[in-house]
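Here the numbering used here is used: position 176 in the sequence shown is 300, and no number is missing along the way. For each residue, glycine too, the CB sits at the ideal point set by N, CA and C. As the structure is a prediction and not an experimental result, all values here were calculated from the model. The next block holds one structure in the form of structure tokens; read it before the comments.
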Amino acid sequence: MKYFIGNWKMFGSPKSINILKKINLFYTKDKNRKKYRIIFTPPYTLLQNYSNYFKNKKIFIGSQNCYQKDKFSSNTGAISPYMIKSVGAKYTLVGHSDNRIEGDTDLMLKKKVNYAIKNNLRVVFCIGENKTEKKNKKTFQVLKRQLTNVLEKKFYNNIIVAYEPVWSIGTGEIPSSQNLKETTIYIKKILKNIFRSNTPSVLYGGSVDGLSVQSFKEVKEIDGFLVGGASKSSKKFIDIIKNYYR
Ligand code: 13P
Numbered sequence: 125m126k127y128f129i130g131n132w133k134m135f136g137s138p139k140s141i142n143i144l145k146k147i148n149l150f151y152t153k154d155k156n157r158k159k160y161r162i163i164f165t166p167p168y169t170l171l172q173n174y175s176n177y178f179k180n181k182k183i184f185i186g187s188q189n190c191y192q193k194d195k196f197s198s199n200t201g202a203i204s205p206y207m208i209k210s211v212g213a214k215y216t217l218v219g220h221s222d223n224r225i226e227g228d229t230d231l232m233l234k235k236k237v238n239y240a241i242k243n244n245l246r247v248v249f250c251i252g253e254n255k256t257e258k259k260n261k262k263t264f265q266v267l268k269r270q271l272t273n274v275l276e277k278k279f280y281n282n283i284i285v286a287y288e289p290v291w292s293i294g295t296g297e298i299p300s301s302q303n304l305k306e307t308t309i310y311i312k313k314i315l316k317n318i319f320r321s322n323t324p325s326v327l328y329g330g331s332v333d334g335l336s337v338q339s340f341k342e343v344k345e346i347d348g349f350l351v352g353g354a355s356k357s358s359k360k361f362i363d364i365i366k367n368y369y370r
């Protein structure tokens with residue numbers, strides 16, 4: 125099973141559901157539809173509305189983050205995994221670089237993953253090195269730390285890993301397919317040490333669009349994509365899927 129995930133970040137109003145309706149229509153007619161799953165992570169404000177609408181349809185809804193506590197507490201502005209689940213979402217991203225940059229530590233991320241899974245959300249756990257780390261050849265070291273400090277065997281079945289090199293997010297700069305292949309194989313090796321036979325799927329994210337996906341699809345180790353900018357247009361998102369299976 126492949127995954128195509130659209131992360132809207134700070135984008136979207138109630139009307140933007142029309143973008144997802146078009147993607148859903150494409151999906152229901154696509155001859156390849158049994159091979160993949162579509163997930164979208166709109167902002168918190170739209171989770172309930174969109175989850176209700178897509179309840180019996182094919183697009184899955186998730187949140188972009190969650191707070192590192194279980195249910196209710198006195199943290200102004202925070203949204204817990206329980207609250208996300210209670211409005212019908214099925215997934216959550218955890219560890220996106222936008223949130224790591226704002227101060228999410230490995231310890232906080234571990235709590236987020238724990239509470240999300242406790243509340244029956246599936247977690248898309250994001251990892252990735254920044255430009256300096258890449259330049260200093262620290263990529264593998266960083267990825268290993270991000271994975272081993274947070275993930276545990278007991279999370280199996282509920283984790284998807286998304287490799288998003290920070291230098292590629294929103295920049296149009298992408299890893300070569302050879303480079304991406306080596307990194308993905310490395311990530312899968314670390315995951316095998318943690319999860320044994322139940323290794324999670326590994327997605328790629330960073331400047332994925334209809335054009336770049338043509339080089340990524342050569343990397344057979346990649347199990348899908350986490351898409352930012354191009355997920356805000358139904359046409360651009362559909363192009364990614366079409367070109368992947370072409
Ligand atoms: P872009 O596709 O805009 O590079 O964003 C990737 C991303 O951060 C998805 O979570």
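In the DSSP assignment, find the alpha helix (DSSP H) that holds residue i and state where it starts and stops.
i    : result
N303 : S301 to F319
K234 : D230 to K242
L245 : Neither: L245 is in no alpha helix (DSSP H) and is coded neither H nor E.
K126 : First-last for K126: K126 to N131, but that is the beta strand (DSSP E), not the alpha helix (DSSP H).
F150 : I141 to K153
If I measure Cβ to Cβ from residue i and keep anything under 7 Å in the same chain, skipping five residues before and after, which residues do I get?
i    : result
F135 : K356
Y168 : S187 and I203
What number of angstroms, rounded off, separates the C-alpha of residue i from the C-alpha of residue j?
i    : j    : result
S331 : T256 : 19 Å
F264 : V290 : 14 Å
V247 : I208 : 12 Å
N260 : V266 : 11 Å
S325 : S187 : 19 Å
N303 : K268 : 17 Å
I143 : I365 : 15 Å
L315 : K360 : 31 Å
T308 : K344 : 10 Å
Which residues in the same chain have their Cβ closer than 6 Å to the Cβ of residue i, if we skip the five residues on either side of it in sequence?
i    : result
I129 : I163 and L350
With residue i as the anchor, note down where its beta strand (DSSP E) starts and where it stops.
i    : result
R370 : Careful: R370 lies outside any beta strand (DSSP E) and carries neither H nor E.
V406 : Residue 406 is absent from the structure shown; the chain starts at 125 and stops at 370.
R157 : R157 -> no beta strand (DSSP E), and no H or E assigned at all.
I283 : I283 to Y287
Y328 : V326 to G329
query = Does the segment 202-220 come close enough to the segment 139-158 to have 3 or more Cβ pairs within less than 8 Å?
reply = no
ask   = Do the segment 229-238 and the segment 273-282 touch if we need at least three Cβ pairs shorter than 8 Å?
value = yes
request  = Please determine if the segment 280-290 and the segment 311-320 are in contact, where contact requires at least 3 C-beta pairs separated by less than 8 Å.
outcome  = yes
ask   = How about the segment 162-177 and the segment 143-154: do they share at least three Cβ pairs that are nearer than 8 Å?
value = yes
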